[in-house]
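Notes for the one structure printed next.
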């Protein structure tokens, strides 16, 4: 997707945010699901800040977030590339959001 910036606009920066969250395959019977669609938790918070005037990325960050209520399923690891081991020392989503504010 391309973004076109209109000359004279008041946009100073563009912030692109990407989230990954816990999930389960659609074909798993409801009674066997470890994670339902309405239970997903953010497990990765990544962002890029683009300075429109300078035409360059000025800041980027990526934070893993340890889920509190749902497991990392095999499907989730295959889909996102994120494993339990990668999240063992991760902070919380609140930690990631605080780091983003800095």
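Residue numbers (the working numbering): 13 to 114.
We put the CB at the ideal spot given by N, CA and C, even for glycine.
Proximity of the segment 39-48 to the segment 70-77 falls short of the contact definition, fewer than three beta-carbon pairs being nearer than 8 Å. For residue 60, the CB contacts under 7 Å within the same chain, skipping 5 residues up- and downstream, are 28, 69 and 72 in chain order. According to the DSSP secondary-structure assignment, residue 73 is paired through a beta bridge with 59. Under DSSP, the beta-bridge partners assigned to residue 31 are 57. Residue 51 sits in a helix when the DSSP states are folded into three classes.
CA-to-CA, the gap between residue 99 and residue 62 works out to about 28 Å. Counting only residues of its own chain and dropping the five nearest sequence neighbours on each side, residue 83 has a CB closer than 6 Å to the CB of 46. Per the coordinates, the alpha-carbon of residue 48 lies some 12 Å from the alpha-carbon of residue 33.
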